[in-house]
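Colleague:
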């Protein structure tokens, strides 16, 4: 109808309370949703922390096991080191015992005017005609002699000594104008012999006039 106006007869206080309740309901729903989201995130984060803690326990356990293994390896290393040191001492004694008779024989064969400057030793395995494997050692001697005649005397003395075999003169160089001394190198083979004292052998060898004698004995 023309000129008709709609009139709201509900009191203003009731309308205000209704609006407040609607807003409270809306904000309560939003707050509840946030609480649910925080709970879900907290549960997920707690599970993640538990997994990290489990992994940390595993790492700590493996670290303890690794430390125990490291300690055992260290003890084993010390034992092996001590055994190797003992083995080296025993090998040194064995080599010295093998070298001693050779030094004595060289001392007997040396001419007063022949001097050794070096002595090298290497072990060899030789098959005998009886199909037996025996221990032989190849020797290489270096030194100087007063003359070729003195060198020949030394070679003859070596040949007459049954301890040495396959005696071969590798080199002899004489410089008559500069010096009467003749430098030489001799290769020979000897069979392993037992037991004279090396210190005494070296003393005899030095008394015979050798400057120094060095041994090279590979493992």
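In the numbering used here, the protein residues as written are 87 to 305. Every residue gets a Cβ at the ideal spot worked out from N, C-alpha and C, and that includes glycine. Because the structure is a prediction, the values reported are computed rather than measured.
(1) Roughly how many angstroms separate the alpha carbons of residue 101 and residue 116, rounded to a whole number?
(2) Check whether the Cβ atoms of residue 227 and residue 271 sit closer than 9 angstroms, and answer yes or no.
(3) Go ahead and label residue 187 buried or exposed: buried means 16 or more other beta carbons lie within 10 angstroms of its beta carbon, across all protein chains shown.
(4) According to DSSP, is residue 159 part of a helix, a strand, or is it coil?
(5) Between the stretch 229-245 and the stretch 194-208, do three or more beta carbon pairs fall short of 8 angstroms?
(6) How big is the Cα-Cα spacing for residue 140 and residue 164?
(7) Nearest to residue 251 by alpha carbon, out of 224, 127 and 266?
(8) Can you have a look at residue 200 and say buried or exposed, based on whether 16 or more other CB atoms are within 10 angstroms of its CB?
(9) Buried or exposed for residue 267, going by 16 or more other Cβ atoms inside 10 Å?
(10) Please return the same chain residues whose Cβ sits closer than 6 angstroms to the Cβ of residue 98, not counting the five positions on each side in sequence.
(11) Going by DSSP, what residue range makes up the alpha helix (DSSP H) through residue 196?
(12) Return helix, strand or coil for residue 281, following the three-state DSSP convention.
(13) Along the chain, where does the alpha helix (DSSP H) containing residue 238 start, and where does it finish?
Modeller: Here's the rundown:
(1) Within the chain shown, numbered from 1, the residue matching residue 101 stands at position 15. Within the chain shown, numbered from 1, the residue matching residue 116 stands at position 30. If you take the alpha carbons of residue 101 and residue 116, they lie about 23 angstroms apart.
(2) Reading the chain shown from its first residue, position 141 is the one you call residue 227. Reading the chain shown from its first residue, position 185 is the one you call residue 271. Between residue 227 and residue 271, the C-beta spacing is below 9 angstroms.
(3) Residue numbering aside, residue 187 sits at position 101 when the chain shown is read from its first letter. Residue environment: residue 187 is assigned as buried (16 or more neighbouring CB atoms within 10 Å of its CB, all protein chains considered).
(4) Within the chain shown, the letter at position 73 stands for residue 159. The three-state secondary structure of residue 159, taken from DSSP, is helix.
(5) The stretch 229-245 makes contact with the stretch 194-208, as at least three CB pairs between them are under 8 angstroms.
(6) For the purposes of this step, residue 140 is taken as residue 54 along the chain shown, with counting starting at 1. For the purposes of this step, residue 164 is taken as residue 78 along the chain shown, with counting starting at 1. Distance between the alpha carbons of residue 140 and residue 164: 36 angstroms.
(7) The sequence position of residue 251 within the chain shown is 165, counting from 1. Among 224, 127 and 266, the Cα nearest to that of residue 251 belongs to 224.
(8) As a first step, residue 200 is located in the chain shown; it is residue number 114 there, counting from the start. It is buried - the Cβ of residue 200 has at least 16 other Cβ atoms within 10 Å.
(9) In the chain shown, counting from the first residue as 1, residue 267 sits at position 181. For residue 267, the number of other beta carbons within 10 angstroms of its own is at least 16, and it is reported as buried.
(10) Taking the chain shown and counting its residues from 1, one reaches residue 98 at position 12. Within the same chain, no residue comes within 6 angstroms of residue 98 by CB-CB distance, once the 5 residues on both sides are set aside.
(11) Here the question's residue 196 lines up with position 110 in the chain shown. That residue, residue 196, is in no alpha helix (DSSP H); it is neither H nor E in DSSP.
(12) For this step, residue 281 is matched to residue 195 along the chain shown. With a pLDDT of 47 at residue 281, under the threshold of 50, the modelled position of that residue is not reliable, and no figure is offered here.
(13) Indexing the chain shown from 1 puts residue 238 at position 152. 234-246 is the span of the alpha helix (DSSP H), which, as asked, contains residue 238.
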